[in-house]
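Engineer: Before anything else, here's the structure in question.
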Amino acid sequence: MQLDLLNQLRAQVPLVVNYANYVTPNFVANGLNALGASPIMTSEVDEADDLVKITNTVVINLGTINHYETDLVWQLCTSAVKYHKPIVLDPVAVGATAYRLDIAQKLLQDFPIAVIRGNVGEIAALAQVDWATKGIDAGTGDADPAAIAKACATRYHNVVALSGITDYITDGQQLFKVGNQTPLLPLTVGSGDLLSSIIGAFVGITDNYYEAAQVGCAVLACTGEIAAQPLHSHEGGTFAARLLDKLTIVDKEDILEILK
Amino acid sequence: MQLDLLNQLRAQVPLVVNYANYVTPNFVANGLNALGASPIMTSEVDEADDLVKITNTVVINLGTINHYETDLVWQLCTSAVKYHKPIVLDPVAVGATAYRLDIAQKLLQDFPIAVIRGNVGEIAALAQVDWATKGIDAGTGDADPAAIAKACATRYHNVVALSGITDYITDGQQLFKVGNQTPLLPLTVGSGDLLSSIIGAFVGITDNYYEAAQVGCAVLACTGEIAAQPLHSHEGGTFAARLLDKLTIVDKEDILEILK
Amino acid sequence: MQLDLLNQLRAQVPLVVNYANYVTPNFVANGLNALGASPIMTSEVDEADDLVKITNTVVINLGTINHYETDLVWQLCTSAVKYHKPIVLDPVAVGATAYRLDIAQKLLQDFPIAVIRGNVGEIAALAQVDWATKGIDAGTGDADPAAIAKACATRYHNVVALSGITDYITDGQQLFKVGNQTPLLPLTVGSGDLLSSIIGAFVGITDNYYEAAQVGCAVLACTGEIAAQPLHSHEGGTFAARLLDKLTIVDKEDILEILK
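Chains as they are written, first to last, in my numbering: chain X, 593 to 852; chain B, 593 to 852; chain R, 593 to 852.
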């Protein structure tokens, strides 16, 4: 894994244009800022092209997508193609509503998405694998997250980062796992959104999206473990602040030392 | 008071669909998550029915309501009636603008709202009691919060949770008070929004809305006292994180020990 | 500098109506609340007049402005003129997109803005000074932030607060500097937004906008230094909570003791 990307990110300070949901943008922006990237959010179609022109990456988060803003999302992606900027898609709760699933599939059809980052339910919904429609049960062989991630990556010809207790990163053929975790990360609303935007930051500084997704997952999972170390498993409020603290100083060596 | 609802909530993990304001959704979502419920926010009318179908409760918060989203609010409530899901209304600042008051009254006219949660000014505006229009003065007999809460509950045939230094919960006839408090809770923006959504979570797991509102008020007020214990009364920033920490572990016994 | 305005603010509890961006409203509202002001956010044009009628100040933040909400912004400003309430403008990233620059300039043309608060890039874009269009380099004489601030204030006939490592406050002729700083303040997303709204709170309690802007800058910069004192320079997450804590108790003497 090219963990040197972390130093490269801090040297380059990539700009990440986010179409964010309205629940977690503050946490995501603070997380990107803490790590060393530069976040900007937008809600206006008429400035999309200007922003994408100067950005390193576009991150599309469907957490509170609505029909007033779909033209903005399409313009961000159209400009991303025009200026050869990578796109990361976070298909939040895409398994919960037909509206979100439809938007996500249209995006995947219309644009070359570099990386999809979601949890097992979201990735399974996109992969449209048989077992997914019967519900996800991580305990059965059929519902192996690695297989779901590969099916999704193969279907849409991109990199998939399926995050959970173990993160599975795949380009459809190769598979990389990150086994670091803390219960405090899923307790923190927006930790998945942040992971997508962090992957977005790394995707913005290398053409190797598979490596970028690995590094993004490793950085957040390991920093989470480090931040959680002195805390009890219920201290989610305190953890969120400490996670931001640690994102600013975590380095390659810290990660290599604990990476699973 | 049926404090066993707290254990039941954690066992059941109710889904709470929130039409949230855009100021405090992160805090509200983290608070619900910390307590053991499952929050989701939406801003799209076309996914409202899908979400309400799978939810336990709908919480409508008028904090930043606008005419682009009133159809979403009406659809959420229409679907709530269709699928027999309870609705909690937070009439934020309904006394401050005619627009908000009008929306709140139309909602109360069109839909069976299970619980209204507001402060004394908001509840008085809805109750349209004579004294309210002259301004609220907690020191006069006429402006007794308990009477205002009862007038509001009687007028709209629902449960009212009027929160403040003392919380008053009433179904129009019975009255329950929660006397626990800390100055740090009102110092935290969104603590009222969170209370409404917590009541929403409890309303989603029992048909007894009066009990659910009592338990919601008791849980937040007591957890606030517990979180505030080692802090000075100015440490609102630190308190917000500690409140989330404590919401995850507070149990029936902790609450019974300090409940006033 | 009239630091007595801080006591006056806490005695008067000015209402600050914010057209906020959707990234940092929670932090801004908590900061205003912690300091002793009363924040309200809105996203509905039909309630703008009602809110401005009862407010002390209107703060317009362009951080996520879009064409759905420009009528709201114009109505807020129109009502502010009608009711003689001051307006503070935060031209977020106005140098990054033509859309934002156009909106900011139209606002400045149509309404008497009391104070513009921005960073050197934003103020230079508004000032349209030659050197600004070549990029800002703080090291060259041409790009002197004080000169940029003066040019902007002269152009639009208002007070400009250009914030950065040093804050420059000017009415176009006089210049006041605040030299207090901590690296943790720029690490905190929304600290600029909060500064604009804090200046808004002070502008709402005095006709001397130049003094109000000075006090606003001094209060935030000095409170930042105080909050940062026991922290390492990477602890941005912890700092944000401590900043809120300290905003509640910081007083005139604390500020005078460390003001540079």
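Ideal placement from N, C-alpha and C gives every residue a C-beta, glycine not left out.
Show which residues of chain X have a CB atom less than 9 Å away from the CB atom of G782/R.
Structural biologist: Near G782/R (Cβ distances below 9 Å), the residues of chain X are N618, A621 and N622.
Engineer: Can you list, in chain order, the residues of the region 683-702 of chain X whose Cβ is nearer than 8 Å to any Cβ on chain B?
Structural biologist: A685, A688, T689, A690, Y691 and R692
Engineer: From the DSSP output, which residues share a beta bridge with I679/R?
Structural biologist: V650/R
Engineer: I652/B to N610/B, Cα distance in whole Å?
Structural biologist: Roughly 6 Å separates the two Cα atoms.
Engineer: Apply the 10 Å Cβ neighbour rule to H826/B and answer buried if 16 or more other Cβ atoms are within range, or exposed otherwise.
Structural biologist: Its Cβ being crowded by 16 or more others within 10 Å, H826/B is buried.
Engineer: Restricting to Cα atoms, I'd like to know which of G796/X, L597/X and T840/X is closest to P775/R.
Structural biologist: Of G796/X, L597/X and T840/X, the residue nearest in Cα terms is T840/X.
Engineer: Quick one, which residues of the region 651-664 of chain B are near chain R if we go by CB-CB under 8 Å, in chain order?
Structural biologist: G655, T656, I657, N658, H659 and Y660
Engineer: Assuming the contact rule is C-beta atoms closer than 8 Å, D642/B and A688/X should be a hit. Round their C-beta distance to whole Å, please.
Structural biologist: 7 Å
Engineer: Tell me which residues share the same chain as D846/R and place their Cβ nearer than 6 Å to its Cβ, disregarding the 5 neighbours each side in the sequence.
Structural biologist: none
Engineer: Nearest to N658/X by CA position, among H659/B, I657/B and L664/B, is which residue?
Structural biologist: L664/B
Engineer: Nearest CA to the CA of L597/X: which residue from N625/X, F768/X, E803/X and S630/X?
Structural biologist: E803/X
Engineer: Report the three-state DSSP secondary structure of I761/R (helix, strand or coil).
Structural biologist: strand
Engineer: Going by Cα to Cα distance, which pick from L624/X, Q594/X, M593/X and G628/X is closest to A603/X?
Structural biologist: Of the listed residues, the one whose Cα sits closest to A603/X is G628/X.
Engineer: Residues bridged to F768/R by DSSP?
Structural biologist: Paired residue(s): I761/R.
Engineer: Report the neighbours of A833/X on chain B: residues whose CB is nearer than 8 Å to its CB, in chain order.
Structural biologist: A833
Engineer: Determine which residues of the region 625-647 of chain X have a Cβ less than 8 Å from any Cβ of chain B, and write them out in chain order.
Structural biologist: none
Engineer: DSSP three-state label for V842/X, please.
Structural biologist: In this structure, V842/X counts as coil in the three-state DSSP scheme.
Engineer: Determine, for D596/R, whether the minimum Cβ-Cβ distance to residues of chain B falls below 9 Å.
Structural biologist: no
Engineer: Around the C-beta of L540/R, are 16 or more other C-beta atoms found within 10 angstroms, so that it is buried, or is it exposed?
Structural biologist: The question about residue 540/R has no answer, for chain R in this structure spans 593 to 852.
Engineer: Nearest chain B C-beta to T840/R closer than 9 Å, yes or no?
Structural biologist: yes
Engineer: Suppose the cutoff is 6 Å on Cβ atoms and the five residues either side in sequence are ignored; what does the same chain contact list for A730/B look like?
Structural biologist: Since pLDDT at A730/B reaches only 38, below the 50 mark, its modelled position is unreliable, and no value is offered.
Engineer: Under 9 Å, do L699/B and C744/B count as touching if we go by C-beta distance?
Structural biologist: With respect to C744/B, L699/B sits apart: the two C-beta atoms are not nearer than 9 Å.
Engineer: Going by beta carbon distance, what residues of the same chain come within less than 7 Å of A833/R, once the five residues before and after it are set aside?
Structural biologist: none
Engineer: Have a look at A612/B and L654/B and give me their C-alpha separation to the nearest angstrom.
Structural biologist: 7 Å
Engineer: State yes or no: is the beta carbon of E714/R nearer than 9 Å to at least one beta carbon in chain X?
Structural biologist: no
Engineer: Measure how close the beta-carbons of G782/R and K852/R come, nearest whole angstrom, since I'm counting them as under 8 Å.
Structural biologist: Contact flag wrong, Cβ pair sits at about 24 Å.
Engineer: Using the C-alpha atoms, what's the distance from K844/R back to T815/R?
Structural biologist: 11 Å
Engineer: Which same chain residues, not among the five before or five after E714/R, have their C-beta less than 8 Å away from its C-beta?
Structural biologist: P683, V684, A685, V686 and G687
Engineer: Exposed or buried, A820/B, counting other C-beta atoms within 10 Å across all chains shown (16 or more means buried)?
Structural biologist: By the neighbour-count rule (16 or more Cβ atoms within 10 Å), A820/B is buried.
Engineer: For D837/B, decide whether its Cβ has a neighbour in chain X, counting only Cβ atoms nearer than 9 Å.
Structural biologist: yes
Engineer: Taking beta-carbon pairs under 7 Å, can you tell me which members of the region 599-616 of chain R lie near chain B?
Structural biologist: Y614
Engineer: Measure from the C-beta of E845/B to each C-beta in chain R and report whether the shortest distance is under 9 Å.
Structural biologist: No, because no Cβ of chain R sits closer than 9 Å to the Cβ of E845/B.
Engineer: Alpha helix (DSSP H) containing Y802/R: first to last residue?
Structural biologist: Membership of Y802/R in the alpha helix (DSSP H) is indicated by the continuous run Y801 to A820.
Engineer: Taking all protein chains shown into account, decide if A810/B is buried (16 or more other Cβ within 10 angstroms of its Cβ) or exposed.
Structural biologist: buried
Engineer: Taking only beta-carbon atoms, is G829/X less than 9 Å away from chain B?
Structural biologist: yes
Engineer: If you count every other CB in all the chains shown that lies within 10 Å of the CB of N599/B, and 16 or more means buried, which is it?
Structural biologist: exposed
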